[in-house]
Structure formats: structure tokens, C-alpha cells
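Quick note: the sequence shown uses this note's numbering, first residue 6, plus one each step. Glycine residues also receive a C-beta, built at the ideal position from the N, C-alpha and C atoms. Bear in mind that the values here come from a model prediction, so they are computed numbers and not experimental data. Below you'll find the structure, written out as C-alpha cells, and then a few comments.
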Amino acid sequence: MDYRKKFVVQPGAKVHLAKIDPSYTGEHETHAKAVPDIEKHRERMDKLQYLLYADGQQSLLVVLQALDAAGKDGTIRHVFSGVNPQGTSVIGFKQPSPSEAAHDFLWRVHQHTPGKGEIVIFNRSHYEDVLVVRVHKLVPKSVWSKRYDLINDFEGMLAANGTRVLKFYLHISPEEQLSRFAQRLDDPSRRWKISESDYSERKLWPAYVEAYEDALASTSKKNAPWYIIPSNHKWFRNLAVSQIIADTMDEMSLKLPPTRVDLADIRRKYHAAVRAGVKAKRAPSAKHG
Ligand code: ATP
Ligand code: MG
């Protein structure tokens, strides 16, 4: 199954989240059956990240957006567990600091976009400025409504500079969210995550759905697509996200840079003596053997 085709938000298409089943697991049915594929995609990502780094011409920006407990952290932990930390970083975006808030909304984001050869994962992103900001009316509509175009221009500029932008919305149901909150209550190692606001935000679920639907529909572009990932099953979420990332990187024509030296010359100049030594050492033992 090609999850890029299945889950992409077609540029210009309307989005109805209610029509998308957050419990979808496709052909895999169970976690156990999906494990070999999850592993395969993780290994592909590891190899491709090595090429991205060596090639040094392009970069990858992965944006993760979701409501609380949908699994942004878990996705990062699982999907990127195979890649080399050198050349990969994660940036989280919380409430803006006073200095961030004193600038335009893209100011704090732009300085963290990936340089050539790098992968950067955004745990929340500039999309908060058309999501939480819209839902909580932190700025008037006249301000946030202009941001979709500004985001498209910004991401288009990144794409023109060699950055692939991939955006994932992790789609869960309100029931699944409540059950994950309940699990946190029962698990002493995760109680620190509980906040009253996670519960109060649930009342705003319909407003968030509306804001997400507009954001996904207005900013999914060919060179910066959104994918809506059914995420009630964590293993399916990991499978779909890792496949989409690996397939995208496969298409980036990543290649090892050409060798910069004359290999024969290097062998002769620096390794010939060692080899001769090895041969000389081997020779007597061969006689005895
Ligand atoms: P966790 O899984 O640990 O809860 P989190 O990403 O939800 O991770 P929190 O510290 O709980 O982290 O929440 C960060 C908060 O910052 C979120 O409620 C998010 O909506 C908010 N936030 C992020 N960007 C902005 C922004 N530009 N304006 C206002 N609020 C923002
Ligand atoms: Mg939170």
C-alpha cells in the first residue's frame, strides 16, 4: 500500500476529518504483522539519511502537528530511532517567549530550518499560529487569515532552496485521547505530563477540527504536502510515517559525492608499505603451514 497516495491532502481539496477513520490499520491488521515492514522502513531511512548527509545538497523538514496525546513524541522516538543523531535534530515549539512574540510568527521558525544535508523535525511548528492562536483568539481573524499565504510562500522558498517539507497531522479520536490521559493517570512514570489544560482543551475539540481542516486544505502543496495519519494505533502511525518519509527520500536522487582523490595513487603512496609488510609476515608462516 502506498500511504503517500492514500493519506496525502490533495492540493486545493477540502478536508473533512470526520470522514477519516483514526483507527484505520489497512492491510496489516495487527502490530505483529506490521513489525517487519516498520523495521524495513526504519533501515531504509537510516541508509537514506546517510546519503542525504554525504550528498550535502538537499535537506528534509518534517513537521508534526496534532492534538495532545496524539503521539508526536512517540512518533519521533520510534520513527527516528534508527537514524544517526549526527545530522538530525528535533525542535519543539511552545508558547512564544516575549522576544519571539515581539517578531513576526516565522522568525523563530526560520532559524531552525535544516541546512544542507540535515533532517530537522518540528514538534509543533509555525502552524500553531493558525491553530491554537485561532482557536483561542490570540490575534484577530484579519491577522491569522493572512498567514496561510505567508506559510505557503515561506515553505515554497524553503523548497526552492533544496528543502523537502513533509507535514504530518496525527489524527486521533477524542475517545482515544481520553483513554491515553487515563493511562497517564495510572502510570507513575508519566504523571508529570498531566495538565489541567489538556482536559479543558477537549471542550474546544470542534474548534480545533475546524482550524486543522482549514490549515490542511490551505497549505498542502505539491512541494510541501500534508499527510493525515490515522493514529489511534501507535504502530500503524509509525508504519505510515516511516514509509512516507523513506519513499520521499528515495525520490530525492541522493547519491554519494564523487571520490576526490586518485585511489590508486593513495593506495600506492600510503598503504603499499603496510601491505608489503603483511605479505612479508605471512610468507614465513605459509611455509610452516
Ligand atoms: P506534551 O506532549 O509534553 O504535552 P506539548 O507540545 O503539548 O507536549 P506543552 O508544553 O504541553 O507541549 O504545550 C506547548 C503549548 O504551546 C501547546 O499548548 C501549544 O499549543 C502552545 N503553542 C505553541 N506554539 C504557540 C504559539 N505560536 N502561540 C501560542 N501557543 C503556542
Ligand atoms: Mg501538552
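Three-state class that DSSP yields for residue i in the structure shown
| i | result |
| --- | --- |
| His141 | coil |
| Gly79 | helix |
| Thr224 | helix |
| Asn237 | coil |
| Phe110 | coil |
| Arg169 | strand |
| Lys292 | Unreliable positioning characterises Lys292 in this predicted model, as indicated by a pLDDT of 46, which lies under 50. A coordinate reading is not provided. |
| Ser5 | Nothing in the structure corresponds to residue 5, since the chain is present only between 6 and 294. |
| Ser200 | coil |
| Phe98 | coil |
| Thr253 | helix |
| Gln70 | strand |
| Ile156 | helix |
| Ile126 | strand |
| Ala18 | coil |
| Leu56 | helix |
| His117 | coil |
Nearest neighbour of residue i, chosen from the options [CA to CA]
| i | options | result |
| --- | --- | --- |
| Glu115 | Met6, Gly92, Leu155 | The residue asked about is misnamed: residue 115 is His in this sequence, not Glu. Among Met6, Gly92, Leu155, the Cα nearest to that of His115 is on Leu155. |
| Glu206 | Ala164, Leu136, Val84, Pro90 | Leu136 |
| Gly61 | Ile177, Leu175, Thr168, Ala220 | Thr168 |
| Thr35 | Phe241, Tyr275, Asp267, Arg185 | Phe241 |
| Tyr232 | His33, Ala216, Val68 | Val68 |
| Val138 | Ala106, Ala39, Ile126 | Ala106 |
| Leu183 | Pro193, Lys172, Asn89, Ser200 | Ser200 |
| Ala187 | Asp73, Phe12, His21, Asp51 | Asp73 |
| Val13 | Ala71, Phe173, Leu261 | Phe173 |
| Leu163 | Tyr29, Leu111, Gln70 | Leu111 |
| Pro41 | Asp252, Asn243, Leu22 | Asn243 |
| Ser28 | Val140, Pro179, Val279, Ala212 | Pro179 |
| Ser64 | Lys38, Gly87, Gly120 | Gly120 |
| Glu181 | Arg9, Ser236, Glu123 | Ser236 |
| Glu48 | Val88, Ala18, Lys38 | Val88 |
| Leu175 | Thr80, Gly31, Pro230, Lys226 | Thr80 |
Near the ligand ATP: residue i beta-carbon under 8 Å from a heavy atom
| i | result |
| --- | --- |
| Gln100 | yes |
| Val125 | no |
| Phe186 | no |
| Phe110 | yes |
| Glu181 | no |
| Leu209 | no |
| Asp252 | no |
| Asp134 | yes |
| Gly282 | no |
| Leu143 | yes |
| Val246 | no |
| Val137 | yes |
| Lys198 | yes |
| Lys77 | yes |
Residue burial classification, residue i (beta-carbon count within 10 angstroms, cutoff 16)
| i | result |
| --- | --- |
| Trp149 | buried |
| Met6 | exposed |
| Gly76 | buried |
| Gly294 | Its pLDDT being 41, under 50, Gly294 is placed unreliably in this model, and the value from its coordinates should be taken loosely. With fewer than 16 Cβ atoms within 10 Å of its Cβ, Gly294 is classed as exposed. |
| Ala277 | exposed |
| Arg272 | exposed |
| His108 | exposed |
| Glu256 | exposed |
| Thr224 | buried |
| His44 | Reading off the sequence, residue 44 comes out as Glu, not His. It counts as exposed. |
| Arg265 | exposed |
Near the ligand MG, which residues have their beta-carbon closer than 7 Å to a heavy atom? Qualifying residues come out as Asp73, Ser200, Asp203.
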